[in-house]
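S.K.: One structure, pasted below without further comment.
Residue numbers (my numbering): 7 to 1046.
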């Protein structure tokens, strides 16, 4: 918390620090002493103990040098002037220790000098309370009402309607508010604003059947106002009742009712804008319900009294601050006032009736009641202070009247008088159960800088972490010393839970990819919670079993919990899942960055809410000085909140190295380096800066190409100059991206583009799917000539409108796949494949290629020439779509996956049937490569590990044949030849060499195939091609 202070503040605080020496076994503090200090351990070791109800002490956490012992709630208590003694927590020195003590009173002195930092500290504490304590305890451990205390003292503010004073005006005044006996129906027609002859104040109109009753205070106080004012007020009300407008009143229409049926019936008739004066007699005649002429005055009296109470509760010094900022609402029984997850929250102060607060159970679809908000209490203030979404639903089970202050108004009051924050924060603190206070001592909030390790493989595991924002990467070091990426964690993921629960040493090393905030749950605390609330154990078993099931489905990597309302992939080995921020960095000034980001935003919006931020947008939203270092914390907080609300935030950097560019790079989970495919692949200045500052985020190279331009080339040169890029994508841009327009014109054009939905086959949509982890991969299996049917399947997919984002294959699948990745059209793929099949079928070329069979029957040169003719000297990197193929490395006895290098060579290697063709020597390391079918004939699992969410796998391998001829112990080729040539001889069914090879390949992959078929991510397709042989290339058209 202290990290957010500026220098002078910090020095001010340091004056108050006290050193304290403790012998082993001494208590630093014990229950009963005032809880008014922050302790920081300098050397030695402390234990934080919890006294159980039966007097036993249990260790909640061990404190090591550099850690601090304090409760944020207690700090708040002291600042707000409600200090309390320690109840159940004490700290004892486990060995001789030196402790720094900082009395919290120091803060009070500092805040008098710097009141705005007060608001900030309280807000940090509130955010932390909501994120760490609530989200950690609620989302992971499934606790709900254990977190809130229920013994609150309801204040009796007003006599309840039943004991109302005998004078009728009061009762009627209240009935006007609909708060009296629920049996009475309110008059259904709209009553014109009544005027008391004495008081020229417009009384609130009773909207027909409307539930919330806005009351405009300024009117009550100032007497007659201009027509413009009236019109304005009416406008505000009617707008907000008829559609959700952005005004603070937007919550009205939400509070009207659940069912749309009812919502339609709310009619708002125009309120006459003149001011009418009625005499008393006319009035009772005009209105069928006998309202007393005092109604306006009465409502305002109730309202004033309510405001006075609110002023007392919030300790507002100048009551006029509330003017125009408070609304009086009446909610009918059953109304939902705000829902869990709402972003636009308000502060509700209950006058009479009560509001129930519910929270969703984690594993079940039922809500549990957390607490009741009684008259004189506030609810919703936590979300207002933190700016986070609501963590519960507020509902009026009985009729209820309350005052409401919208978030924006509350912040204005706060700007005028910062100390309101304290009293409001105090009302939050009193809501917390003692259990939360104990947790608050034990749960730590940590910030890890980009590049630092959270823990290393083999460390003792004594705690679990929860990622609050930022990004972490988990790496495992194999026995051979090779490091392997296990997965990445984003917001809301649990880290290290398995090791902590099973008390194993850490299995991986976890680094922060960017500045990351985490909550740390010590092991002792976890045990303590498990003892107190056994239901937590079921929740943890649930988490662990999900993790184990994940491993059983051959999904490596840590269990990724579903984030805060974000679905995470079942397998986090895919580093692009759960990205929440993407920075766009142009290589040079010629790159149309603005058009590129708008185009990408359009494509991303189809997947989830997306926010585009540029330095101009930030200045427009947060003021021109928002990017100065002074406002660092405010900007960080705002950006973190935007990440919470949106599925993806796009950060567009400036063309030069400005503070905003640095900020973009610091915030990014993934950096897109955007270049123009037809330009020289030189490094840009921004990129050189990237290289100098070790940025850990994932970096992708994106090359833009014109629609009518040549196909990609020289991609290898781009990549060789950028060793830091983990991958690349080619993007064919519509003409509008390259058109030169002024920023205003550009925005105008994209407004029109945004009106239409994005084309899911465009390359921008493909990039959007890659960034959000929604890619669709097509995987083509091996099986010789039967593989010609792959083209038919591709054509069918094109007709069905299924986009293909990545292609991979084995053997014939790698050949057809490469053609498709280059052409991206089934028609062209078919033409080129047919030509090749023709030359495969020519007997003449085949005979010429025969050689002395030591390694193989053919020398392979004719086959090589046929494939080389198809692909020429294209590199895999230059294909439009990301592509891989599989070969079997017989030098190292391993599977090889090729994603770069000479295309024709690796396609040829993947098609090398043993006995027919010699193995191909890998141009990179000279290893001998054979047909990939021997090791993985349908590599759907590889596509999955490369980040595909859905894999469409097409299997054309040979099926089992049971009707083969039993020819005895030996077999003569001449006999077979005779049987074939002699038209009268009985035909025998014996597999030829190619068939045997292809069967062998199939046998060795049969287990892997079963796994692929049964996996959740794979759509398995087998075309009806069993009757064709491996070498039937002559029947191309039939198979297709």
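Think of the CB as a built atom: it goes at the ideal place given N, C-alpha and C, for glycine as much as any other residue.
Ends of the alpha helix (DSSP H) at residue 979?
M.R.: Taking the chain shown and counting its residues from 1, the one referred to as residue 979 is at position 973. Where residue 979 is concerned, the enclosing alpha helix (DSSP H) stretches over 979–987.
S.K.: Can you pull the DSSP bridge partners for residue 20?
M.R.: In the chain shown, residue 20 corresponds to position 14, counting from 1. None; residue 20 has no bridge partner.
S.K.: By the three-class DSSP mapping on this structure, what secondary structure does residue 922 have?
M.R.: As a working note, residue 922 is residue 916 in the chain shown. Coil.
S.K.: Return the chain-ordered list of same chain residues with a C-beta closer than 7 Å to the C-beta of residue 586, the five sequence neighbours on each side being excluded.
M.R.: Against the chain shown, residue 586 aligns to sequence position 580. Excluding sequence neighbours, residue 586 sits near 496, 497, 649, 654, 655, 675.
S.K.: Applying the criterion that 16 or more other CB atoms from any shown protein chain within 10 Å of the CB defines a buried residue, is residue 972 buried or exposed?
M.R.: In the chain shown, residue 972 corresponds to position 966, counting from 1. Residue 972 comes out exposed.
S.K.: Can you tell me whether residue 632 is helix, strand or coil according to DSSP?
M.R.: Residue 632 sits at position 626 when you count from the first residue of the chain shown. Coil at residue 632, not helix or strand.
S.K.: I need the straight-line Cα distance from residue 964 to residue 615, nearest angstrom please.
M.R.: Here residue 964 refers to the residue found at position 958 when the chain shown is read from its first residue. Here residue 615 refers to the residue found at position 609 when the chain shown is read from its first residue. Between residue 964 and residue 615, the C-alpha separation is close to 46 Å.
S.K.: Cα separation between residue 1124 and residue 657?
M.R.: The chain is shown from 7 up to 1046; residue 1124 falls before or after that span and cannot be answered.
S.K.: Would DSSP call residue 115 helix, strand or coil?
M.R.: In the chain shown, residue 115 corresponds to position 109, counting from 1. Helix at residue 115.
S.K.: Excluding the five sequence neighbours on either side, which residues of its own chain have a C-beta within less than 7 Å of the C-beta of residue 898, listed in chain order?
M.R.: Counting from 1 along the chain shown, the entry for residue 898 is found at position 892. 933.
S.K.: Taking a contact to mean a Cβ-Cβ separation below 8 Å, would you say residue 520 touches residue 774 in this structure?
M.R.: Numbered from 1 along the chain shown, position 514 holds the residue referred to as residue 520. Numbered from 1 along the chain shown, position 768 holds the residue referred to as residue 774. Cβ distance not < 8 Å, so residue 520 and residue 774 don't count as in contact.
S.K.: Going by other Cβ atoms of all chains shown within 10 Å of its Cβ, with 16 needed for buried, is residue 673 buried or exposed?
M.R.: The residue given as residue 673 occupies position 667 in the chain shown. Label assigned to residue 673: buried.
S.K.: Could you give the residue range of the beta strand (DSSP E) that holds residue 493?
M.R.: The residue you call residue 493 lines up with position 487 of the chain shown. From DSSP, the beta strand (DSSP E) with residue 493 extends over 489–495.
S.K.: To the nearest angstrom, report how far apart residue 778 and residue 58 are at their CA atoms.
M.R.: Along the chain shown, read from residue 1 onward, the residue named residue 778 stands at position 772. Along the chain shown, read from residue 1 onward, the residue named residue 58 stands at position 52. Cα to Cα, residue 778 sits roughly 47 Å from residue 58.
S.K.: Quick check on this structure: which residue in 889, 947, 870, 880 has the alpha carbon closest to the alpha carbon of residue 927?
M.R.: To locate residue 927, count along the chain shown from 1; it is residue 921. When only C-alpha atoms are compared, the closest one is 870.
S.K.: Here's the rule I'm using: 16 or more other beta-carbon atoms within 10 Å means buried, otherwise exposed. How should residue 858 be labelled?
M.R.: As a first step, residue 858 must be located in the chain shown, where it is residue number 852. It counts as exposed.
S.K.: Could you pull out every residue in the same chain whose Cβ sits closer than 7 Å to the Cβ of residue 801, ignoring the five residues on either side in sequence?
M.R.: Stepping through the chain shown from its first residue, residue 801 is reached at position 795. 832.
S.K.: For the beta strand (DSSP E) that residue 337 lies in, which residues bound it at each end?
M.R.: Working through the chain shown from its first residue, we reach residue 337 at position 331. Here the beta strand (DSSP E) through residue 337 covers 333–337.
S.K.: Spell out a yes or no on whether the stretch 128–138 and the stretch 444–455 are touching, meaning 3 or more CB-CB pairs, one atom from each, closer than 8 Å.
M.R.: They touch, by the three-pair rule.
S.K.: Considering residue 741, what are the terminal residues of the beta strand (DSSP E) in which it resides?
M.R.: Indexing the chain shown from 1 puts residue 741 at position 735. Taken as a continuous stretch (DSSP letters only), residue 741 belongs to no beta strand (DSSP E), being part of the alpha helix (DSSP H) at 741–744.
S.K.: How would you write the range of the alpha helix (DSSP H) that residue 122 sits in, first residue to last?
M.R.: Within the chain shown, residue 122 is the residue found at index 116, counting from 1. From DSSP, the alpha helix (DSSP H) with residue 122 extends over 121–134.
S.K.: When the Cβ atoms of the stretch 470–478 are set against those of the stretch 413–424, are three or more pairs found closer than 8 Å?
M.R.: Touching, no, given that fewer than three Cβ pairs across the two stretches are closer than 8 Å.
S.K.: Excluding five sequence neighbours on each side, which residues of the same chain lie with their C-beta closer than 6 Å to the C-beta of residue 1040?
M.R.: For the purposes of this step, residue 1040 is taken as the residue at position 1034 of the chain shown. For residue 1040, where only same-chain residues beyond five positions count, the Cβ hits under 6 Å are 847.
S.K.: Between residue 353 and residue 411, is the Cβ-Cβ spacing less than 8 Å?
M.R.: Within the chain shown, residue 353 is the residue found at index 347, counting from 1. Within the chain shown, residue 411 is the residue found at index 405, counting from 1. It is a contact, given that the beta carbons lie within the stated cut-off.
S.K.: Check residue 1038 in the structure and name its three-state DSSP category.
M.R.: Here residue 1038 refers to the residue found at position 1032 when the chain shown is read from its first residue. Residue state, collapsed to three classes: coil.
S.K.: Quick one, which of 791, 735, 856, 436 has its alpha-carbon nearest residue 812's?
M.R.: Reading the chain shown from its first residue, position 806 is the one you call residue 812. Considering only alpha carbons, the answer is 735.
S.K.: Are residue 1048 and residue 621 touching if we call contact CB-CB under 8 Å?
M.R.: Because the chain is modelled from 7 through 1046, residue 1048 falls outside the range shown and cannot be assessed.
S.K.: Is it buried or exposed, residue 406, if we count other Cβ atoms within 10 angstroms and call 16 or more buried?
M.R.: The count along the chain shown starts at 1 and reaches residue 406 at position 400. Burial call: buried.
S.K.: Using beta-carbon positions only, say whether residue 604 and residue 417 come within less than 8 Å of one another.
M.R.: Numbered from 1 along the chain shown, position 598 holds the residue referred to as residue 604. Numbered from 1 along the chain shown, position 411 holds the residue referred to as residue 417. No. Outside cutoff.
S.K.: Let's see if you can read the secondary structure: which residues bound the alpha helix (DSSP H) around residue 724?
M.R.: Residue 724 sits at position 718 when you count from the first residue of the chain shown. Residue 724 -> alpha helix (DSSP H) spans 721–726.
S.K.: For residue 827, I'd like the list of residues in its chain whose CB is within less than 7 Å of its CB, leaving aside the five on either flank, ordered along the chain.
M.R.: Stepping through the chain shown from its first residue, residue 827 is reached at position 821. Closer than 7 Å at the Cβ level, and outside the excluded window around residue 827, lie 813, 885, 886, 887, 889.
S.K.: Go to residue 950, then tell me how far its alpha helix (DSSP H) extends in each direction, as first and last residue.
M.R.: Within the chain shown, numbered from 1, the residue matching residue 950 stands at position 944. Note, residue 950: alpha helix (DSSP H), 946–951.
S.K.: Are the beta-carbon atoms belonging to residue 107 and residue 31 less than 8 Å from one another?
M.R.: Indexing the chain shown from 1 puts residue 107 at position 101. Indexing the chain shown from 1 puts residue 31 at position 25. Not closer than 8 Å, so no.
S.K.: Spell out the partners DSSP gives residue 469 in its beta bridges.
M.R.: Against the chain shown, residue 469 aligns to sequence position 463. Its beta-bridge partners are 528.
S.K.: On the DSSP bridge list, what partners appear for residue 1023?
M.R.: Locating residue 1023 in the chain shown gives position 1017, where the first residue counts as 1. Answer is none; residue 1023 lacks a bridge partner.
S.K.: Quick one, are the C-beta atoms of residue 464 and residue 517 less than 8 Å apart?
M.R.: Taking the chain shown and counting its residues from 1, the one referred to as residue 464 is at position 458. Taking the chain shown and counting its residues from 1, the one referred to as residue 517 is at position 511. Cβ atoms of residue 464 and residue 517: not closer than 8 Å.
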